[in-house]
Amino acid sequence: MHLSRIDLNLFTVFDAIYSEGSVTRASQKLNLTQPAISHALSRLRQLFDDPLFVRQGHAMVSTPLARSLIEPVRRSLRGLELTLHGLDRFDPASSDRGFNLALRDVLEATILPPLLNRVRGNAPMVGIAASHVERRELESELAAGTLDAAIDVLLPLSKDILHTRIYQDTTVVVVRRDHPAIRGRLDLDTYLAQDHILASSRRRGPGLEDFELSRLGLERRIRLRCQHYFAACRVVSESDLVLTMPGRYAHIANEQFGNQILPFPMEVPPFDVFLYWHANVDNDAANRWIREQVIESVRQHPAVAGVRRVKKAAGGKAASGRGQAGSD
């Protein structure tokens with residue numbers, strides 16, 4: 001088929017139906033009537049000689065051909081959008097654009113406050129939307145432009161995803177103020193003798209600290225597994241359970257609890273936190289601006305004091321750095 005015979009608007013409809021799983025919601029997203037969406041879908045089915053979407057209950061489920069088409073279609077639409085946007089300069093002072101960032105909840109409390117303060121000072125009408133995105137979906141969402149950037153530990157992503165290290169964090173242990181066995185100091189034997197909390201969004205599996213302990217043939221007793229560090233910190237304040245967690249968030253989450261925050265009682269390397277973006281927006285003015293805001297807000301915030309400054313430029317190629325591929 002020749003490109004000149006294809007209405008490119010059909011692919012916008014294809015993307016909307018795929019994303020929304022519904023003709024009705026796709027019509028609302030594109031501000032088109034349902035008959036217009038249905039007509040476009042009919043033309044797409046004729047074009048590819050495939051149903052593309054089949055109804056299951058109230059949802060439109062994609063066929064294997066549709067699933068194979070979605071990524072190249074999204075990349076093409078994103079490239080065209082960026083080309084058109086590139087004709088204009090990005091002026092943060094007058095822009096009302098919204099930026100979508102993916103970051104895990106443990107990073108929200110450390111990164112969002114200084115980032116929002118910086119953005120509001122330089123771009124009062126710009127909005128920030130932070131969301132949790134499954135790591136297996138991260139690359140496709142960055143490629144499609146549904147995410148502008150992501151912040152996470154070191155992840156095994158393709159060469160199309162660029163990254164730079166923005167800070168390092170350490171592992172600490174949190175115990176209640178009047179813990180009967182721990183008063184200001186913590187050795188490994190005492191640590192292993194306690195009952196522990198593991199905070200993780202995963203339903204099963206060990207924490208990073210368990211991997212480090214297993215290298216020495218050691219194991220701890222997990223008495224509680226919960227989803228969020230903040231809830232775990234509260235449990236710590238009202239029990240003798242012990243929590244291991246990232247140091248930066250430990251100081252924020254424990255401000256109201258007064259728990260002791262102690263070094264992890266064995267040598268473990270610090271873990272790196274990275275900013276990720278797709279290669280197709282590396283030179284996009286707006287995307288470059290938001291990356292700079294993230295990097296500068298982290299660098300200038302008091303919580304980053306004492307951490308080695310990252311010298312990699314926001315718009316450069318992928319930085320190398322030591323990190324851990326598992327977080328909560």
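Taking full-length UniProt numbering, the leading residue of the sequence shown gets 1, the next gets one more, and so forth. Built from N, CA and C at the ideal position, the CB exists for glycine as well. All figures in this text were calculated on a predicted structure; none of them were measured in a lab.
Based on DSSP bridge pairs, tell me the residues matched to residue i.
{"i": "residue 167", "result": "273"}
{"i": "residue 263", "result": "172"}
{"i": "residue 196", "result": "222, 242"}
{"i": "residue 101", "result": "130, 149"}
{"i": "residue 59", "result": "56"}
{"i": "residue 179", "result": "BP columns for residue 179 are empty, so no partner."}
With a 10 Å radius around its C-beta and 16 neighbouring C-beta atoms as the bar for buried, classify residue i as buried or exposed.
{"i": "residue 17", "result": "buried"}
{"i": "residue 176", "result": "buried"}
{"i": "residue 297", "result": "buried"}
{"i": "residue 33", "result": "exposed"}
{"i": "residue 22", "result": "buried"}
{"i": "residue 125", "result": "exposed"}
{"i": "residue 64", "result": "exposed"}
{"i": "residue 169", "result": "buried"}
{"i": "residue 300", "result": "exposed"}
{"i": "residue 353", "result": "The first residue shown for the chain is 1 and the last is 328, placing residue 353 beyond what the model contains."}
{"i": "residue 120", "result": "exposed"}
{"i": "residue 246", "result": "buried"}
{"i": "residue 81", "result": "exposed"}
{"i": "residue 24", "result": "exposed"}
{"i": "residue 310", "result": "Residue placement at residue 310 is poorly supported in this model, since its pLDDT is 30, which falls under 50; the coordinates still yield a value, given next. With 16 or more Cβ atoms within 10 Å of its Cβ, residue 310 is classed as buried."}
Among the candidates the options, whose CA atom is the shortest distance from the CA of residue i?
{"i": "residue 70", "options": "14, 118, 23", "result": "14"}
{"i": "residue 181", "options": "172, 147, 171, 195", "result": "195"}
{"i": "residue 337", "options": "227, 219, 193", "result": "It is not possible to answer for residue 337, since the shown part of the chain is limited to 1 through 328."}
{"i": "residue 256", "options": "236, 240, 262, 279", "result": "236"}
{"i": "residue 95", "options": "20, 289, 179, 161", "result": "289"}
{"i": "residue 152", "options": "271, 62, 287", "result": "271"}
{"i": "residue 174", "options": "185, 165, 167", "result": "185"}
{"i": "residue 259", "options": "35, 242, 274, 275", "result": "242"}
{"i": "residue 137", "options": "129, 156, 120, 25", "result": "156"}
{"i": "residue 147", "options": "246, 59, 183, 98", "result": "98"}
{"i": "residue 354", "options": "221, 139, 244, 273", "result": "Past the boundaries of the shown model lies residue 354; the chain is included only from 1 to 328, so the question cannot be answered."}
Please state the DSSP three-state secondary structure of residue i.
{"i": "residue 28", "result": "helix"}
{"i": "residue 285", "result": "helix"}
{"i": "residue 160", "result": "coil"}
{"i": "residue 268", "result": "coil"}
{"i": "residue 213", "result": "helix"}
{"i": "residue 151", "result": "strand"}
{"i": "residue 207", "result": "coil"}
{"i": "residue 48", "result": "helix"}
{"i": "residue 11", "result": "helix"}
{"i": "residue 16", "result": "helix"}
{"i": "residue 251", "result": "helix"}
Distance check for residue j and residue i, CA to CA, integer angstroms please.
{"i": "residue 277", "j": "residue 133", "result": "14 Å"}
{"i": "residue 210", "j": "residue 216", "result": "10 Å"}
{"i": "residue 101", "j": "residue 116", "result": "12 Å"}
{"i": "residue 39", "j": "residue 45", "result": "10 Å"}
{"i": "residue 162", "j": "residue 143", "result": "11 Å"}
{"i": "residue 205", "j": "residue 223", "result": "14 Å"}
{"i": "residue 219", "j": "residue 107", "result": "27 Å"}
{"i": "residue 10", "j": "residue 43", "result": "8 Å"}
{"i": "residue 104", "j": "residue 139", "result": "15 Å"}
Is any non-hydrogen atom of the ligand NAD found closer than 8 Å to the C-beta of residue i, if you look at the structure I gave you?
{"i": "residue 159", "result": "Ligands are entirely absent from the displayed structure, and the ligand NAD is therefore not among its contents."}
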